[in-house]
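Colleague:
Protein chains: 2
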Amino acid sequence: MSKNCRKTILATGGAGYIGSHVVLELLQAGFDVVVIDNCSGSSMEGLKRVEKLSGKKVHAYQVDLVNKAAIQEVFKKHEVYCVIHMASLKGVGESWKRPFDYYKVNLFSCMNLIEVMSENNVFNLIFSSSATVYGTPKVLPLVETLETGGCTNPYGRTKFFQEQILKDICQADKRWNVTILRYFNPVGAHESGLIGPVGNPYNIMLYVALVTVGRRDQLQIFGNDFDTPDGTGVRDYIHVVDLAKGHLAAISKLEEHRETQPNIYNLGTGTGISALDIVAAFEKSAGKKIPYEIVGRREGDVATIISDPSKANRELGWKAERRVQDMCDTLWNFQSKNPHGYTEG
Amino acid sequence: MSKNCRKTILATGGAGYIGSHVVLELLQAGFDVVVIDNCSGSSMEGLKRVEKLSGKKVHAYQVDLVNKAAIQEVFKKHEVYCVIHMASLKGVGESWKRPFDYYKVNLFSCMNLIEVMSENNVFNLIFSSSATVYGTPKVLPLVETLETGGCTNPYGRTKFFQEQILKDICQADKRWNVTILRYFNPVGAHESGLIGPVGNPYNIMLYVALVTVGRRDQLQIFGNDFDTPDGTGVRDYIHVVDLAKGHLAAISKLEEHRETQPNIYNLGTGTGISALDIVAAFEKSAGKKIPYEIVGRREGDVATIISDPSKANRELGWKAERRVQDMCDTLWNFQSKNPHGYTEG
């Protein structure tokens with residue numbers, strides 16, 4: 001722990017669902033943590049709970065990354081060792097309705113951050129990307145060497161564009177040391193039940209949790225005629241605590257990595273879980289039936305998305321260990337204790 | 001001409017090589033023209049000459065599109081009917097060395113412009129894209145329905161990203177009326193010899209012109225072992241005056257176009273011209289030998305790039321009419337009268 005204690009990590013989006021779990025892991029590993037979050041779709045309450053859980057303080061700034069001057073102010077106050085850039089608009093459906101906002105917020109944030117980092121001689125960056133950059137899978141499991149692009153929605157394109165920008169910048173300027181983490185489907189919550197998902201539910205398990213506490217109407221499952229064992233869509237759900245630990249592993253690897261291209265890692269389990277698997281597991285966690293209806297497929301939805309996480313397993317010495325029942329148990333634990341999220345905190 | 005006389009066109013990059021020719025055509029067709037240009041790689045001298053040629057005034061603002069507030073000021077002063085967004089960093093080689101600048105300038109400019117247009121209820125946009133969005137050709141000639149992406153350099157990616165952003169915005173908001181013009185290789189100059197290329201030469205014909213007046217050392221031809229008639233690279237060179245007239249045709253089409261997707265047109269001749277063809281034609285124009293050496297291919301260069309311009313021919317009633325000798329004659333006319341560009345103007 002001592003080797004980390006003087007290093008400061010700047011976590012953008014650190015008050016969000018994934019961000020709060022990452023910040024907790026960072027604090028527990030002995031890092032100093034600075035958070036920038038505009039608290040859209042999140043709140044500082046999550047960070048207060050992280051401080052409570054860790055017994056440590058977070059330097060939190062409610063700042064919008066679209067505002068470059070505000071980022072500069074934060075960099076003046078802290079000597080940053082590495083930035084973990086998690087802040088993002090992240091709703092696939094919403095990105096179809098508000099594409100301009102998605103492009104502006106996600107691209108301006110990334111580029112302002114890159115510029116201020118460079119001005120401050122900070123070149124260690126861990127970037128939160130997504131399985132969406134693979135587009136519609138042609139082969140499974142998805143491995144990092146596959147071609148990216150052909151994204152099926154504007155949100156995915158904002159991630160793909162950012163990856164491309166980072167690749168080109170690394171190529172041109174050897175000082176950059178960038179790791180790209182491609183998240184699969186983050187679910188679950190910290191075992192304490194104090195921190196968990198905030199904002200809109202972006203996958204079926206998070207939606208089920210809200211249905212179970214009455215915050216969403218009946219669950220709809222989009223299609224049961226896919227070419228999968230039970231006909232419903234199969235995804236690679238990963239426990240948010242496992243995901244958070246992947247970031248710690250990536251930081252440890254930073255010093256070793258001095259390539260001209262970003263190091264790219266899938267963060268997934270490599271195991272597929274169907275929509276009906278989730279309903280069954282969540283019913284077990286919550287001890288009640290979850291009513292659902294099968295409706296038509298959504299445009300662009302594919303049968304199965306599964307990661308090949310072996311590169312991260314091998315190179316980062318990291319492995320997602322939590323299984324689907326653990327994901328549902330911890331999520332239900334959080335959701336039942338916080339039926340309205342952090343607002344009643 | 002009368003139907004245009006009350007319409008104001010805002011031309012970004014209007015002081016540049018292509019921009020000045022477009023502005024001249026607009027003025028001659030009776031439009032009011034407002035120009036925003038930061039004069040990086042161009043100068044207001046070109047616009048003074050356009051005013052002289054047309055006998056009309058241009059409302060010119062030396063403003064950077066990265067500065068949103070400055071764009072807002074311009075929109076306060078003029079009732080804009082349509083924006084032609086030509087401003088761009090545009091050097092393929094340079095984009096490898098300064099990718100951050102390319103992404104920042106090109107993306108921020110486009111998005112700031114979109115945002116200010118929307119705030120002012122201006123939704124007619126003609127966007128200058130490039131043949132580079134097709135990436136390495138799999139089939140020839142290049143037709144608008146081919147898949148884009150797979151660009152071979154950061155400059156091309158900035159154009160591809162902007163096209164994607166515009167497509168998504170049109171999909172989400174039916175008020176947008178966007179035309180994307182994919183330029184092939186613009187060359188030549190206005191027949192008056194008063195306006196012509198400014199800034200760095202971005203293709204071999206523009207380079208040859210500078211060699212001929214002694215502003216560049218000996219011409220290098222990159223590879224003579226391509227699978228082409230004479231072994232040198234074949235491109236679709238288009239006379240800048242033809243290209244400019246394509247913008248006028250696109251404006252005329254705006255009122256008819258009310259699709260949810262941008263109208264996309266190749267602006268090219270459909271005819272391939274080799275590097276050696278250009279040397280021979282330019283020697284004829286200039287009346288002197290142009291020494292050159294054959295050197296190795298550049299990474300990523302392909303044998304042949306030719307447009308299929310038939311969609312623009314058919315739908316816009318536009319056709320590139322000027323041939324290679326005309327391109328070289330007009331370019332030499334400009335270059336010999338302005339050996340140092342506009343600086344001696």
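Protein sequences, first through last, are from chains R and L. Mind the numbering: the first sequence is residues 1 to 345 in full-length UniProt numbering, read in order. Mind the numbering: the second sequence is residues 1 to 345 in full-length UniProt numbering, read in order. Glycine residues also receive a C-beta, built at the ideal position from the N, C-alpha and C atoms.
#1: If you pair each beta-carbon of the stretch 291-304 of chain L with each one of the stretch 250-260 of chain L, do three or more pairs fall below 8 Å?
#2: Taking only beta-carbon positions, decide if isoleucine 165 (chain R) is within less than 7 Å of chain L.
#3: Alpha carbons only, please: which of R:Cys328, R:Tyr292, R:His85 is nearest the one belonging to alanine 286 (chain R)?
#4: Could you name the residues of chain L that phenylalanine 75 (chain R) contacts, counting a contact when the two beta carbons are closer than 9 Å?
#5: Ordered along the chain, which non-local residues of its own chain (more than five positions away) have a Cβ less than 8 Å from that of threonine 136 (chain R)?
#6: Skipping 5 residues on each side, what residues in its chain have a beta carbon closer than 6 Å to that of valine 92 (chain R)?
#7: Taking a cut of 7 Å between CB atoms, which residues from the stretch 232-251 of chain L lie near chain R?
#8: Name the chain L residues that come within less than 9 Å of isoleucine 180 (chain R), Cβ to Cβ?
#9: Less than 7 Å between CB atoms is the rule here; does glycine 345 (chain L) satisfy it with respect to chain R?
#10: If I follow the unbroken alpha helix (DSSP H) through proline 99 (chain R), where does it start and stop?
#11: Please check if any C-beta of chain L sits within less than 7 Å of the C-beta of alanine 172 (chain R).
#12: Under the three-state reduction of DSSP, which class applies to asparagine 38 (chain L): helix, strand or coil?
#13: I'd like the span of the beta strand (DSSP E) that includes arginine 182 (chain R), first residue to last.
#14: Chain A partners of proline 154 (chain R), CB-CB under 7 Å?
#15: Given isoleucine 273 (chain L), which residues of its chain have a CB within under 7 Å of its CB, disregarding the five upstream and five downstream residues?
#16: For glutamate 344 (chain L), is the classification buried or exposed, using 16 other Cβ atoms within 10 angstroms of its Cβ as the cut-off for buried?
#17: Go ahead and label aspartate 227 (chain R) buried or exposed: buried means 16 or more other beta carbons lie within 10 angstroms of its beta carbon, across all protein chains shown.
#18: I need the straight-line Cα distance from methionine 1 (chain L) to glycine 341 (chain L), nearest angstrom please.
#19: Taking a cut of 9 Å between CB atoms, which residues from the stretch 123-150 of chain L lie near chain R?
#20: Shorter than 7 Å from the beta carbon of tyrosine 103 (chain L) to some beta carbon of chain R?
#21: How is the beta strand (DSSP E) around leucine 125 (chain R) delimited, first residue to last?
#22: Between which two residues does the beta strand (DSSP E) holding glutamate 255 (chain L) run?
#23: Reducing DSSP to helix, strand and coil, say where glutamate 344 (chain R) ends up.
#24: Establish whether the CB of phenylalanine 100 (chain L) and some CB of chain R are separated by less than 7 Å.
#25: For tryptophan 96 (chain L), return the contacting residues in chain R, with the cut-off set at a CB-CB distance below 9 Å.
#26: If you check the beta carbons only, do serine 307 (chain R) and leucine 142 (chain R) fall under 7 Å apart?
#27: Find the nearest neighbour of asparagine 263 (chain L) within the set L:Tyr17, L:Lys77, L:Ser128, L:Val178, judged by alpha-carbon distance.
#28: So arginine 182 (chain R) and valine 241 (chain R) are supposed to be a Cβ contact under 8 Å. How far apart are they, rounded?
#29: Can we count tyrosine 342 (chain R) as close to the ligand FAD, meaning its CB is less than 6 Å from some heavy atom?
#30: Please report the straight-line C-alpha distance between aspartate 275 (chain L) and tyrosine 134 (chain L), rounded to a whole angstrom.
#31: Mind pulling the chain L residues with CB within less than 9 Å of arginine 157 (chain R)?
#32: Is there a Cβ of chain R sitting closer than 7 Å to that of leucine 65 (chain L), yes or no?
#33: Apply the 10 Å Cβ neighbour rule to glycine 296 (chain R) and answer buried if 16 or more other Cβ atoms are within range, or exposed otherwise.
#34: Along the stretch 105-122 of chain L, where does the CB come closer than 8 Å to a CB of chain R? Name the residues.
#35: What's the call for asparagine 200 (chain L), buried or exposed, on a 16-neighbour Cβ count within 10 Å?
Modeller: To lay it out plainly:
#1: no
#2: yes
#3: R:Cys328
#4: Here the premise fails: no neighbours, minimum Cβ distance about 17 Å.
#5: Gly150, Thr152, Gly300, Val302
#6: Asn153, Tyr155
#7: none
#8: Correct list: empty, because the minimum Cβ distance to chain L is about 16 Å.
#9: Annotation note: pLDDT 43 at glycine 345 (chain L) (below 50); position unreliable, coordinate value reported separately. Judged by the 7 Å Cβ criterion, glycine 345 (chain L) is not in contact with chain R.
#10: 99-103
#11: yes
#12: coil
#13: 177-183
#14: The chain inventory of the structure shown lacks chain A, comprising the protein chains R and L.
#15: Val234, Arg235, Tyr237, Val324
#16: With a pLDDT of only 46 at glutamate 344 (chain L), under 50, the local geometry of the prediction cannot be trusted, and the value read off the model is given with reservation. Counting Cβ neighbours within 10 Å, glutamate 344 (chain L) comes out exposed, since fewer than 16 surround it.
#17: exposed
#18: At methionine 1 (chain L) the pLDDT is 46, less than 50, meaning the model places this residue with poor confidence; the figure from the coordinates comes in the next sentence. Those two C-alpha atoms are separated by around 32 Å.
#19: Glu147, Gly149, Gly150
#20: yes
#21: 124-130
#22: Unbroken run through glutamate 255 (chain L): none, as it is neither H nor E.
#23: The predicted model places glutamate 344 (chain R) with a pLDDT of 46, which falls under 50 and marks its position as unreliable; any figure quoted below should be read in that light. Helix, per DSSP.
#24: yes
#25: Asp168, Gln171, Ala172
#26: yes
#27: L:Val178
#28: Incorrect: roughly 18 Å between the Cβ atoms, too far for contact.
#29: Summarising the ligand content, the structure contains no ligands, and the ligand FAD is consequently not present.
#30: Looking at the sequence shown, residue 275 (chain L) is not aspartate but alanine. Rounded to the nearest angstrom, the two C-alpha atoms are 21 Å apart.
#31: Phe161, Gln164, Ile165, Asp168
#32: no
#33: exposed
#34: Leu107, Phe108, Met111, Ile114, Glu115, Ser118
#35: exposed
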